[in-house]
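In our numbering, the protein residues as written are 180 to 306.
Structural data, given as structure tokens:
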């Protein structure tokens, strides 16, 4: 059976104060994410339908606090909470949060590409 830990994840990305350690396993991306500052994706998600993440996520909050905002409600998760978030959410994460997250690799890749494209436009580039 495949396995991965925060230490054994082979793909490590730094996005300013956010560190993402990940591995793909059987069509899912397993991520260990640490937030050194508050984070929201309101701007970057604007290129997705309704300005919301279209990727489902399952996960566990190791430390800190995060919330997901939907059109009609919001859900808050703190250290020790497991979560499932369907498509159609906007995430907000507090500084100091660490989480373990599982997402379908294809859907996550589409969301991340939209974020990369948005960031390129903000820096005066073209996607």
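C-beta atoms are modelled at their ideal positions from N, C-alpha and C, and glycine is treated no differently.
Extent of the continuous beta strand (DSSP E) run through residue i
| i | result |
| --- | --- |
| residue 261 | 261 to 264 |
| residue 190 | 190 to 194 |
| residue 213 | 207 to 214 |
Residue i versus residue j - alpha carbon distance
| i | j | result |
| --- | --- | --- |
| residue 231 | residue 266 | 8 angstroms |
| residue 194 | residue 239 | 21 angstroms |
| residue 203 | residue 284 | 7 angstroms |
| residue 299 | residue 226 | 12 angstroms |
| residue 218 | residue 255 | 14 angstroms |
| residue 216 | residue 251 | 27 angstroms |
| residue 294 | residue 222 | 9 angstroms |
| residue 244 | residue 257 | 4 angstroms |
| residue 249 | residue 292 | 22 angstroms |
DSSP bridge partner residues for residue i (one or two, in chain order)
| i | result |
| --- | --- |
| residue 232 | 268 |
| residue 198 | 193, 213 |
| residue 279 | 211, 239 |
| residue 247 | 254, 270 |
| residue 219 | 271 |
Continuous alpha helix (DSSP H) stretch holding residue i: start and end
| i | result |
| --- | --- |
| residue 285 | 284 to 301 |
Nearest to residue i (by Cα), restricted to the options the options
| i | options | result |
| --- | --- | --- |
| residue 247 | 234, 269, 233 | 269 |
| residue 260 | 301, 291, 276 | 276 |
| residue 235 | 294, 280, 301, 188 | 280 |
| residue 206 | 286, 200, 278 | 286 |
| residue 196 | 272, 297, 301 | 272 |
| residue 208 | 288, 303, 297 | 288 |
| residue 228 | 296, 303, 290 | 290 |
Cβ-based neighbour list, residue i, same chain, cut-off 8 angstroms, excluding 5 preceding and 5 following
| i | result |
| --- | --- |
| residue 189 | 202 |
6 angstroms CB neighbourhood of residue i in its chain, flanking five on each side removed
| i | result |
| --- | --- |
| residue 213 | 198, 277 |
Other residues of its chain near residue i: CB distance less than 7 angstroms, five sequence neighbours each side excluded
| i | result |
| --- | --- |
| residue 242 | 258, 275, 276, 277 |
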